[in-house]
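Accompanying notes for the structure given below.
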Amino acid sequence: MYRNTILTLTILGLLIIVAGSVPAQTTDDRGSLTDALRAELERTDQLIERAKEAVQASQSPVARLNLEAAIDLQSQAWRAYENEYPRLALRLTKQARERAKKAIATGRMSEQSQHVVLTKLERTAEMLERARNQLIDQSDSHYLAILQSAQDNLDKAWEFYRLGQFRAALMLANQAEKALDKLVRSSNRDLRNRLNFERRADAAQQLLERARTLLAECTSPAAQQLAQHAVEAYEQANKFAANERFQAAIQALQRSRKMANQALRECRGDDVLIKRYERLKNEFDRLAEVVAPSDDRGQKFLEMAAEQLELAREGLDNDRSETAAAALKATEMTLTQLKRYLDAG
2 MYRNTILTLT ILGLLIIVAG SVPAQTTDDR GSLTDALRAE LERTDQLIER
52 AKEAVQASQS PVARLNLEAA IDLQSQAWRA YENEYPRLAL RLTKQARERA
102 KKAIATGRMS EQSQHVVLTK LERTAEMLER ARNQLIDQSD SHYLAILQSA
152 QDNLDKAWEF YRLGQFRAAL MLANQAEKAL DKLVRSSNRD LRNRLNFERR
202 ADAAQQLLER ARTLLAECTS PAAQQLAQHA VEAYEQANKF AANERFQAAI
252 QALQRSRKMA NQALRECRGD DVLIKRYERL KNEFDRLAEV VAPSDDRGQK
302 FLEMAAEQLE LAREGLDNDR SETAAAALKA TEMTLTQLKR YLDAG
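Counting in the numbering used here, the final residue of the sequence shown is number 346, and the numbers go up one at a time with none missing.
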């Protein structure tokens, strides 16, 4: 009986000791958890500060929205912490941290986009200035309208850039750049056509002078009529050129040369080389109608063939048969290459 009483008292004592120690251990654990949670909240605060710097530097609307969401979530997290809702506080601060990370990432991407767009805008502005200098004496209303449209698009692009709307800025800058590229290409083509016309006009004028000298003693009415038509075509070519219609001007020169050569043959008679020349000239004229003005490679073939035909014509006109034969052979090779190029395209 006595032993049972002692055992019971011992057990009760141990229970009292254990019960007394439980509250103290729980308090320590709770303090550790509170400190850890506060550290998490402060870590999120630091990340939000970094996000603020990134958003301020990038001026990105999307990054700013993410930052505002992060700040709001973090504010709720602190209130939950102060009201002793640790689980809610932890969940909210983690959400705030994710939004802050998105704000930083979006801000960095925006900074990269900003650099890309700025480079595009500066390059387009330089391109616009070059085009304006190149067309300073240009009076063609079509060219001037394209130039003004490119300027307007570039001005709007700069406005969007300053507002941080980089996608819209890039789109308008691309439109301006494409218009300017097309304008410069067209202008270069016209310049090339002008130079081509001037070269052909000089050659045609020399041919007309030779024809006029040779036909002075020719009694053929057909030759005289052809010579007159050649002069008229030459004058028409100059009128077309004055209005910057160079393709039409070059075609008129071709007619002038053709009729001048026909007039010369009326007085001198035909031979094998002249027939070969005429055949190649006709083939050249046919191909010239097929090749598009914008086809740079095709136009180069035509220019080579035209130069070779001119050499052949000069050889025929000056009784240099070997020179004429060599030039005609070169012409034939060039026209063959041109036909292969057209067939491949």
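Beta carbons: idealized from backbone N, C-alpha and C, even for Gly.
Going straight from the alpha carbon of residue i to that of residue j, what length do you get?
i, j, result
"residue 159", "residue 101", "29 Å"
"residue 122", "residue 170", "8 Å"
"residue 230", "residue 330", "29 Å"
"residue 312", "residue 328", "6 Å"
"residue 186", "residue 117", "25 Å"
"residue 108", "residue 115", "10 Å"
"residue 24", "residue 80", "Note that residue 24 has pLDDT 44, beneath the 50 cutoff, so the model's placement of it is unreliable and the number below is only indicative. Answer to the nearest angstrom: the Cα atoms are 26 Å apart."
"residue 321", "residue 208", "16 Å"
"residue 206", "residue 235", "8 Å"
"residue 155", "residue 316", "55 Å"
"residue 268", "residue 254", "21 Å"
"residue 181", "residue 152", "9 Å"
"residue 40", "residue 149", "60 Å"
"residue 338", "residue 164", "55 Å"
"residue 285", "residue 161", "53 Å"
"residue 233", "residue 203", "16 Å"
"residue 221", "residue 318", "18 Å"
"residue 15", "residue 91", "In this prediction, residue 15 has a pLDDT of 42, which is less than 50 and means its spatial position is unreliable; what the coordinates show is noted afterwards. One C-alpha to the other measures close to 38 Å."
Alpha carbons only, please: which of the options is nearest the one belonging to residue i?
i, options, result
"residue 276", "73, 314 and 174", "314"
"residue 86", "35, 62, 333 and 65", "35"
"residue 70", "82, 45 and 291", "45"
"residue 309", "167, 129, 332 and 39", "332"
"residue 246", "136, 197 and 148", "197"
"residue 294", "284, 189, 118 and 326", "189"
"residue 128", "325, 258, 75 and 174", "174"
"residue 301", "283, 184 and 336", "336"
"residue 106", "298, 119, 135 and 62", "62"
"residue 298", "340, 195 and 37", "340"
"residue 211", "239, 261, 249 and 130", "261"
"residue 176", "194, 89 and 157", "157"
"residue 226", "237, 199 and 213", "213"
Would you give the residue range spanned by the alpha helix (DSSP H) that residue i belongs to?
i, result
"residue 233", "222 to 243"
"residue 144", "142 to 163"
"residue 307", "297 to 318"
Does DSSP put residue i in a helix, in a strand, or in coil?
i, result
"residue 62", "helix"
"residue 293", "coil"
"residue 283", "helix"
"residue 166", "coil"
"residue 288", "helix"
"residue 86", "coil"
"residue 336", "helix"
"residue 196", "helix"
"residue 136", "coil"
"residue 186", "helix"
"residue 321", "coil"
Excluding the 5 residues flanking residue i on each side, which residues of the same chain have their C-beta closer than 7 Å to its C-beta?
i, result
"residue 104", "52, 55, 56, 64, 67, 68 and 71"
"residue 178", "125 and 128"
To which residues of the same chain is residue i closer than 6 Å at the C-beta, ignoring the five residues directly before and after it?
i, result
"residue 48", "98 and 101"
"residue 84", "none"
Looking only at its own chain, which residues have a Cβ that is under 8 Å from the Cβ of residue i, when we skip the five neighbours before and after it?
i, result
"residue 271", "Residue confidence for residue 271 is low, a pLDDT of 47 falling below 50, so the modelled location carries little weight; the figure read from the coordinates is stated next. Once the five neighbours on either side are set aside, residue 271 has no close Cβ partner at all."
"residue 144", "136, 184, 187 and 188"
Cβ-heavy atom distance between residue i and the ligand GDP below 6 Å?
i, result
"residue 185", "You won't find the ligand GDP in this model; it holds no ligand whatsoever."
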